[in-house]
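A.B. asks: Heads up: the sequence shown runs through residues 1170 to 1518, numbered per this note's numbering.
For every residue, glycine included, the Cβ atom is placed at its ideal position computed from N, Cα and C.
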Amino acid sequence: MWDPRLASHVYRDDHPLKPRRLIGVHDTLESLGAFQRANAVVLAPRDATVAELERIHAPEYVRAVRDASADPERDYSRWGMSAHGDTPAFSGMHEASLLTTGATLRGMEEVLAGRLRASFNGAGGLHHAMRRRASGFCIYNDPAIACGLLADRGLKVAYVDIDAHHGDGVQAAFYETDQVLTISLHETGRALFPGTGFASERGTGKGAGYSVNVALPPYTDDRAYTTAFDAVVPPLVQRFKPDVLVSQQGIDSHFTDPLTHLQVSTRAREHVVHAFRSFDLPWVAMGGGGYDLDAVARGWSIEYLVMLGAPVPEHLHDADPPAWTGDERDAIDVATDVAVRDALAAAFT
Ligand SMILES: [Zn+2]
């Protein structure tokens, strides 16, 4: 999904989420001829409708975002927005967010219709937004809206979130249902925003066991990360037998990311996105966090090429990914083993 308007808004001059990072992804892929490949197509987004937003968000919240968009100077703190906080109100934020959300939904529609096997909206993946509150740079929760609309069609949805932060907003939206399985692999809430995402958060009622959290230790490297992913995600997706895969591919787990402490490289990410592809499901993919602009450009370019089944040029990869040895190796492996064991013990059977 592409439109330069997806990359043109500015949260605040000093804000870490820079939508212009997507220009680096687009230009990298264009220079590689990715969009000229026979199975690639670049589609323009549409605006989401208010009815679509209200699948997840309270009407009063949508009205508040509209007001903030038109008049950002007023106080919107009760809706999770503040001038110097994580999620500032800014002029045009409602319109920018409608397009961001609509890009995910337009891709979803193409996938549902069988015209595309997979869609990717790098602007989306805004997984922290809550029903009545903006949070963590996220205004409208496009992954939750997509999962909800898919569930409304009677489809079983596997949502897998590989952002460094817990996918709390998506988890909250589907905490009581077994129709959407949410799996989030993230840096533990003991060390990182939003402070949630422990294995004990497993869903309630019919949803018990259908919220799965793998809370990884800070400094988890490729070896530990891929071991954890392989132990949890493919087995649970196979057990769940979904009709569709929705992936949030925030790339702030990268070892150079300035906001997080995971030590994941493009190698582990390529492995994970290959696994997504191997599920052989209709697939709605989106971006998410990512605050080192070079890592974002290379990482999502690699992931888009993997989605296409195209070769990945070696120069896009990290030259020298971090890898622990000795006592640190043992400590990371023990802690990730515990995270995996706890996640699997809490999951549906
Ligand atoms: Zn994140």
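Under a Cβ-count criterion, where at least 16 other Cβ atoms within 10 Å of its own Cβ denotes burial, should glutamine 1205 be classed as buried or exposed?
C.D. replies: Taking the sequence shown and counting its residues from 1, one reaches residue 1205 at position 36. Classification of glutamine 1205: exposed, given that the 10 Å Cβ count is below 16.
A.B. asks: Give me every residue whose Cβ sits closer than 6 Å to any heavy atom of ligand 1, in chain order.
C.D. replies: So the residues near ligand 1 by this Cβ test are Asp1332, Ala1333, His1334, Gly1419, Asp1421, Gly1457, Gly1458.
A.B. asks: DSSP has methionine 1262 in a bridge; who is on the other side?
C.D. replies: The sequence position of residue 1262 within the sequence shown is 93, counting from 1. BP columns for methionine 1262 are empty, so no partner.
A.B. asks: Counting C-beta neighbours from all protein chains within 10 Å, is the total for alanine 1488 16 or more, i.e. buried, or is it exposed?
C.D. replies: Here residue 1488 refers to the residue found at position 319 of the sequence shown. Exposed, by the Cβ-count rule.
A.B. asks: Given leucine 1431, which residues of its chain have a CB within under 6 Å of its CB, disregarding the five upstream and five downstream residues?
C.D. replies: Position 262 of the sequence shown, counted from the start, is the residue given in the question as residue 1431. Here the set comprises Ala1333, Glu1356, Thr1389, Ser1422.
A.B. asks: Provide the residue(s) that pair with methionine 1299 in DSSP beta bridges, ordered along the chain.
C.D. replies: Indexing the sequence shown from 1 puts residue 1299 at position 130. BP columns for methionine 1299 point to Arg1302.
A.B. asks: Considering only residues of the same chain and omitting the five flanking positions on each side of alanine 1492, which have a CB-CB separation below 6 Å?
C.D. replies: Numbered from 1 along the sequence shown, position 323 holds the residue referred to as residue 1492. Contacts found: Asp1390.
A.B. asks: So which of Phe1424, Arg1247, Asp1337, Gly1459 has the shortest CA-CA distance to arginine 1302?
C.D. replies: Position 133 of the sequence shown holds residue 1302. Here the closest residue by C-alpha is Arg1247.
A.B. asks: Please specify which runs of the beta strand (DSSP E), each continuous and at least 3 residues long, are wholly inside the stretch 1451 to 1484, giving them in chain order.
C.D. replies: Complete beta strand (DSSP E) runs here, min 3: 1452 to 1455.
A.B. asks: DSSP has leucine 1201 in a bridge; who is on the other side?
C.D. replies: Here residue 1201 refers to the residue found at position 32 of the sequence shown. According to DSSP, which records beta bridges pairwise, leucine 1201 is partnered with nothing at all.
A.B. asks: Considering tyrosine 1388, what are the terminal residues of the beta strand (DSSP E) in which it resides?
C.D. replies: Here residue 1388 is taken as the residue at index 219 of the sequence shown, counted from 1. Run containing tyrosine 1388: none; DSSP gives neither H nor E here.
A.B. asks: Return the bridge partner residues of tyrosine 1344 from the DSSP annotation.
C.D. replies: Position 175 of the sequence shown, counted from the start, is the residue given in the question as residue 1344. BP columns for tyrosine 1344 are empty, so no partner.
A.B. asks: For the candidate residues His1440, Gln1418, Asp1255, whose alpha-carbon lies nearest to that of glycine 1458?
C.D. replies: By one-based count along the sequence shown, residue 1458 stands at place 289. The option with the nearest alpha carbon to glycine 1458 is Gln1418.
A.B. asks: Rounded to whole angstroms, how far is the Cβ of leucine 1485 from the Cβ of arginine 1498, which I believe are closer than 8 Å?
C.D. replies: Within the sequence shown, the letter at position 316 stands for residue 1485. Within the sequence shown, the letter at position 329 stands for residue 1498. So it is not a contact: roughly 27 Å between Cβ atoms.
A.B. asks: By DSSP's criteria, glutamine 1417 is part of a beta bridge. Which residues make up the other side?
C.D. replies: The residue labelled residue 1417 in the question sits at position 248 within the sequence shown. Asp1330, Met1455, per the DSSP bridge assignment.
A.B. asks: Rounded to a whole number of angstroms, what is the C-alpha to C-alpha distance between alanine 1327 and valine 1381?
C.D. replies: The residue you call residue 1327 lines up with position 158 of the sequence shown. The residue you call residue 1381 lines up with position 212 of the sequence shown. Looking at the two C-alpha atoms, the distance is approximately 11 Å.
A.B. asks: Considering Cα atoms alone, identify which of Ala1377, Leu1350, Gly1358, Pro1451 is closest to valine 1401.
C.D. replies: Residue mapping note: residue 1401 aligns to position 232 of the sequence shown, counting from 1. Comparing Cα positions, the closest option is Leu1350.
A.B. asks: Using the three-state DSSP reduction, which class does histidine 1195 fall into: helix, strand or coil?
C.D. replies: The residue given as residue 1195 occupies position 26 in the sequence shown. Helix.
A.B. asks: Who pairs with isoleucine 1352 in a beta bridge, going by DSSP?
C.D. replies: Working through the sequence shown from its first residue, we reach residue 1352 at position 183. Answer by DSSP bridge pairing, in chain order: Val1329, Val1381.
A.B. asks: If we ignore side chains and look at the alpha-carbon of each, how far apart do isoleucine 1225 and arginine 1359 end up?
C.D. replies: Mapped onto the sequence shown, residue 1225 falls at position 56. Mapped onto the sequence shown, residue 1359 falls at position 190. So the two alpha carbons sit approximately 27 Å from each other.
A.B. asks: Give every residue of the same chain whose Cβ lies closer than 7 Å to the Cβ of leucine 1450, excluding the five residues on either side of it in the sequence, and list them in chain order.
C.D. replies: Along the sequence shown, one-based indexing puts residue 1450 at 281. The residues are Pro1411, Val1413, Leu1414.
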